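S.K.: Residue numbers (the working numbering): 22 to 402. All C-beta atoms, glycine included, are put in the ideal place defined by N, C-alpha and C. Note that this is a predicted model, so its numbers are computed, not measured.
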């Protein structure tokens, strides 16, 4: 369980900022010096590898931002440097997030040649009206063309959809999800729209100009999601992620199983296991500041914090209870330095929020999934 090692690389630039997005993404109208950024990524990879040498990389994830704005040569340089600094497992999963625009789809063959073997497409909606409302730059026809092209080029494919959109009925979402499942390969990420502070959607919501489904309607949409994906053989293995058995995102499982990963690039977070314990790392967020810091100091590290046993236990709960497989209670006790409070566990069991599996693992029930933050807070108290 602790042998996986992932590398997350953050490309922070986007062609446009979506109104719902609070990720560390930035729009720059001038040309990005990709060679300079590739060199900085290589420098930071070497710096992090010097702290955790000898690892075997089991997964790499190129996220953002919009990584598909990178030239294939930039992707190739990053992957080559990871291969120089660590051993990359022969069956390593190498994922790239991509927008399904026609311009970016033209680069797919170049990314595959560079070593990418899994693509995650940000489709987000299957009707043009909602795509425009979400600030997406592609239409449905472009997205479906990109899906078909990706299916032909990459061994593995996933795409994202956002539901619980303003005015969306359960019948509309069910039809859209059925359409998506007819086109997908083996993995879907299905996210409920959330209103994040600091985004344009937040301001509109505060002003009463953006109405999203209430809790009861959101719960109904969640139930429809589970029923339809299970019917098609892609059950949820995590709150928002669905896959055919064996097609789960191995990189994201590194996070949810609370394993070790390096975060590379502006704003990237990592969890590194060093001789004195598990460290939480975070890089400088603003791309230009990160670039200057790496070029001057060799890395963009802004946070490097040794986590306490209690903090590790809380993080394991927060991540592990998102998974359908749940958490290993013995591993939790080993990491947190204490067992879970049996009174709290029994109370949640009695209320149907968690359940114990035959192998002894503890997991959230479907009812508990919908109030996951409250379940985690109760167990961590």
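Mind checking whether residue 264 and residue 255 have CB atoms under 8 angstroms apart?
M.R.: Cβ atoms of residue 264 and residue 255: closer than 8 angstroms.
S.K.: Can you say whether residue 210 is buried or exposed, counting buried as having 16 or more other CB atoms within 10 angstroms of its CB?
M.R.: Classification of residue 210: buried, given that the 10 Å Cβ count is 16 or more.
S.K.: Excluding the 5 residues flanking residue 411 on each side, which residues of the same chain have their C-beta closer than 7 angstroms to its C-beta?
M.R.: Not covered by the structure: residue 411. The range shown for the chain is 22 to 402.
S.K.: Per the DSSP calculation, residue 291 is bridged to which residue(s)?
M.R.: Per DSSP, 302.
S.K.: Quick check on the DSSP output: the alpha helix (DSSP H) that includes residue 350 runs from which residue to which?
M.R.: That run of the alpha helix (DSSP H) goes 350 to 357.
S.K.: Could you please give the first and the last residue of the uninterrupted alpha helix (DSSP H) stretch that includes residue 273?
M.R.: It spans 271 to 277 - the alpha helix (DSSP H) in which residue 273 sits, taken as one unbroken run.
S.K.: Tell me residue 216's beta-bridge partners as DSSP assigns them.
M.R.: Answer is none; residue 216 lacks a bridge partner.
S.K.: Excluding sequence positions up to five away, which residues of its chain have a Cβ less than 7 angstroms from the Cβ of residue 200?
M.R.: Excluding positions up to five away in sequence, the list reads 147.
S.K.: In whole angstroms, what is the alpha-carbon distance linking residue 380 and residue 348?
M.R.: Straight-line Cα distance between these residues: approximately 11 angstroms.
S.K.: In terms of residues, what are the limits of the beta strand (DSSP E) holding residue 281?
M.R.: Note, residue 281: beta strand (DSSP E), 281 to 285.
S.K.: From residue 22 to residue 279, what does the alpha carbon distance come to, in whole angstroms?
M.R.: Reliability fails at residue 22, whose pLDDT of 44 lies under 50, so the model's placement of it is uncertain and the value that follows must be treated cautiously. Cα-Cα distance, rounded: 9 angstroms.
S.K.: Just mark residue 232 as buried or exposed, buried being the case when its beta carbon has 16 or more other beta carbons within 10 Å.
M.R.: Residue 232 should be labelled exposed.
S.K.: Just verifying my parser: in three-state terms, what is the DSSP assignment at residue 133?
M.R.: Note: residue 133 maps to helix in three-state DSSP.
S.K.: With distances taken between CB atoms, is the gap from residue 260 to residue 343 smaller than 8 angstroms?
M.R.: A contact, by the Cβ cut-off of 8 angstroms.
S.K.: Whether or not the segment 79 to 88 and the segment 328 to 338 are in contact is what I'm after, with contact meaning three or more pairs of Cβ atoms, one per stretch, closer than 8 angstroms; do they touch?
M.R.: Short answer: they don't touch.
S.K.: Comparing alpha-carbon positions, which option in 318, 168, 300, 262 lies nearest residue 390?
M.R.: Checked all of 318, 168, 300, 262; the closest Cα to residue 390 is 262.
S.K.: Label residue 45 either buried or exposed according to how many other C-beta atoms from any shown protein chain fall within 10 Å of its C-beta, with 16 as the threshold for buried.
M.R.: The residue in question, residue 45, is buried, as its Cβ has 16 or more Cβ neighbours within 10 Å.
S.K.: Across which residues does DSSP place residue 27 in a beta bridge pair?
M.R.: Per DSSP, 80, 282.
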